[in-house]
Amino acid sequence: MSLIGIYLRGLAMGAADVVPGVSGGTIAFITGIYQTLLASIKSVNPSNIKLIYQQGFKAFWQAVNGNFLLALLLGIVTSILSLARVISYLLEQHPLLIWSFFFGLIVASALHVGKQIKHWRWSYALILMVGVVLAVAITELKPSELSVSPWVVFAAGSIAICAMILPGVSGSFLLVLMGLYGPILTAVKELNLVIIACFAAGCGVGLLSFAHLLSWLLARFYYATMSLLTGFLLGSLNLVWPWKQTLSTYTNSKGKELALEQINRWPTDYALLTQQSAQTLSCIAMAVLGVILVLALELVSSKNTKAS
C-alpha cells in the first residue's frame, strides 16, 4: 500500500471525524486498513518504546509501522484543519442536503460491515438489534454543556477517540452530547493551541488504551463484534435523518440558540410543519451519491487488496 494511498485514506477519515454521526473508523474499515490501523496502534507499547534505547529509533519506527501511522495521521490532520470551516458552513447553509449525503454514507457503510458476517446466527441478529437500540438511545440523549477547561477537554478527547476508531460510532456526536463539539471545532478553526493540545493528548491516551480492547474483541468474537457495529451504524441513522422538526431549544454559554429536542419527520410533514422546502429529490440524490461513494471506496479497496 503506497504512502499516498494511506494519506488519502487519512483525508477521508479526518473528514468523517469532523461530522457528528459519521465515524472515521467506518472509513478505515471500508478502505481496507482497519486491521492494520489497530495493529499499528497496539504496537506503540512499552516494549517497543524500549527499542529506541536498545536498537535505535529506526528499529522502533519499523516495529510500530511508523510510515503508515505518520502518513495516515498527516491525512487526518490535514483534513480536519482544512474541512472544519467548510463543513461547518455547509451544515449551516445546506443542512438537508449534507445530512442526506451522510445518511447515504452510513446506509452503505452498514451494508459493508454487515457483509463481513459470513455465517449469520440468531445470536448475531440479537446482538445487531442490541446495537441498534443502544445507538438510537444515545442519539436521543439531550446535549449537556461542560466547561471548556484543559482537564475536561483532555477527558473528552480520550472518550471521543474511542468512538472515532469504532465503525458506526461517531466521536463527534459524543462531543455534541457533552456540549463540546462547538468549542473543539472553534478551537481548530482559530488554532487555539492549548485546547488542541489537551484534546490531542486525551485522544492519544484513549486511543492507545482502547485499541487493545478492540483488537481482543475482534480476535475472539469477530462476527459478534461486527454484528454489534452493524447495529450501531443502523441505529445512528436516527441521528442523521435529514428532516427534523425542532421542538425545543436552549441557549449555550456563548448566547447561541441550539436545538435541544428534535423529532424526525417525513419530507411532506417537514414541509408542512416548518414551512420550508423539503428538497426531497435533491436529498435523495445526495443520499444516493453517498452510497455510490462508499461502493466506490469498497471497490478500490478490494482491487488494491487483490493487487497486493
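In terms of the numbering used here, the numbers along the sequence shown are unbroken and rise by one, the last being 373. By construction, the Cβ of each residue, glycine as well, lies at the ideal position given by its N, Cα and C atoms. Note that the coordinates shown come from a computational prediction; the quantities given were computed from them, not determined experimentally.
Return the CA-CA distance between residue i and residue j, expressed in angstroms with no decimal places.
i: residue 353; j: residue 169; result: 6 Å
i: residue 96; j: residue 103; result: 14 Å
i: residue 359; j: residue 93; result: 11 Å
i: residue 237; j: residue 297; result: 15 Å
i: residue 244; j: residue 107; result: 30 Å
i: residue 356; j: residue 364; result: 12 Å
i: residue 28; j: residue 342; result: The structure shown has nothing for residue 28, since the chain only spans 66 to 373.
i: residue 69; j: residue 346; result: 36 Å
i: residue 278; j: residue 138; result: 21 Å
i: residue 187; j: residue 288; result: 12 Å
i: residue 301; j: residue 254; result: 27 Å
i: residue 192; j: residue 224; result: 23 Å
i: residue 180; j: residue 189; result: 13 Å
i: residue 350; j: residue 131; result: 40 Å
i: residue 105; j: residue 248; result: 30 Å
i: residue 205; j: residue 292; result: 22 Å
i: residue 118; j: residue 133; result: 22 Å
i: residue 71; j: residue 101; result: 11 Å
i: residue 381; j: residue 159; result: Since the first and last residues shown for the chain are 66 and 373, residue 381 lies out of range.
i: residue 361; j: residue 98; result: 16 Å
i: residue 120; j: residue 135; result: 21 Å
i: residue 263; j: residue 213; result: 11 Å
i: residue 344; j: residue 183; result: 38 Å
i: residue 185; j: residue 202; result: 25 Å
i: residue 265; j: residue 73; result: 21 Å
i: residue 332; j: residue 122; result: 58 Å
If I follow the unbroken alpha helix (DSSP H) through residue i, where does it start and stop?
i: residue 343; result: It is not in any alpha helix (DSSP H) - residue 343 carries neither H nor E in the DSSP assignment.
i: residue 251; result: 246 to 255
i: residue 96; result: No alpha helix (DSSP H) holds residue 96; DSSP gives it neither H nor E.
i: residue 113; result: 111 to 114
i: residue 127; result: 122 to 128
i: residue 231; result: Taken as a continuous stretch (DSSP letters only), residue 231 belongs to no alpha helix (DSSP H), as it is neither H nor E.
i: residue 71; result: 68 to 83
i: residue 203; result: 187 to 204
i: residue 281; result: 258 to 285
i: residue 164; result: 160 to 179
Using a Cβ-Cβ cutoff of less than 8 Å, which residues in the same chain neighbour residue i once the five nearest sequence positions on both sides are dropped?
i: residue 141; result: 75, 76, 78, 79, 82 and 89
i: residue 116; result: 124, 125 and 128
i: residue 172; result: 302, 352, 355 and 356
i: residue 178; result: 91, 94, 232, 233, 291, 294, 295 and 298
i: residue 67; result: none
Cutting at 7 Å between CB atoms, please list the residues of its own chain near residue i, excluding the five before and the five after it.
i: residue 175; result: 295, 298 and 299
i: residue 310; result: 327, 328, 330, 335, 338 and 339
i: residue 375; result: Outside the modelled stretch of the chain, which goes from 66 to 373, sits residue 375, for which no answer is possible.
i: residue 252; result: 260 and 261
i: residue 273; result: 106 and 109
i: residue 240; result: 221, 225, 246 and 249
i: residue 153; result: 250
List the residues that DSSP assigns as beta-bridge partners of residue i.
i: residue 311; result: 327
Leaving out five residues before and five after residue i in sequence, what residues of the same chain have Cβ atoms less than 6 Å from its Cβ?
i: residue 227; result: 271 and 275
i: residue 268; result: 222 and 226
i: residue 156; result: 163
i: residue 200; result: 297, 300 and 301
Against chain C, with Cβ distances strictly below 8 Å, would residue i count as a contact?
i: residue 151; result: Protein chains in the displayed structure number just one, and chain C is not present.
Does the segment 196 to 205 come within contact of the segment 110 to 128, defined as at least 3 CB pairs closer than 8 Å?
no
Touching or not, the segment 248 to 265 and the segment 213 to 220, by the rule of three or more beta carbon pairs under 8 Å?
yes
Counting pairs of Cβ atoms below 8 Å between the segment 330 to 347 and the segment 141 to 150, do you hit three or more?
no
Just checking, does the segment 305 to 314 make contact with the segment 264 to 284 on the three C-beta pairs under 8 Å criterion?
no
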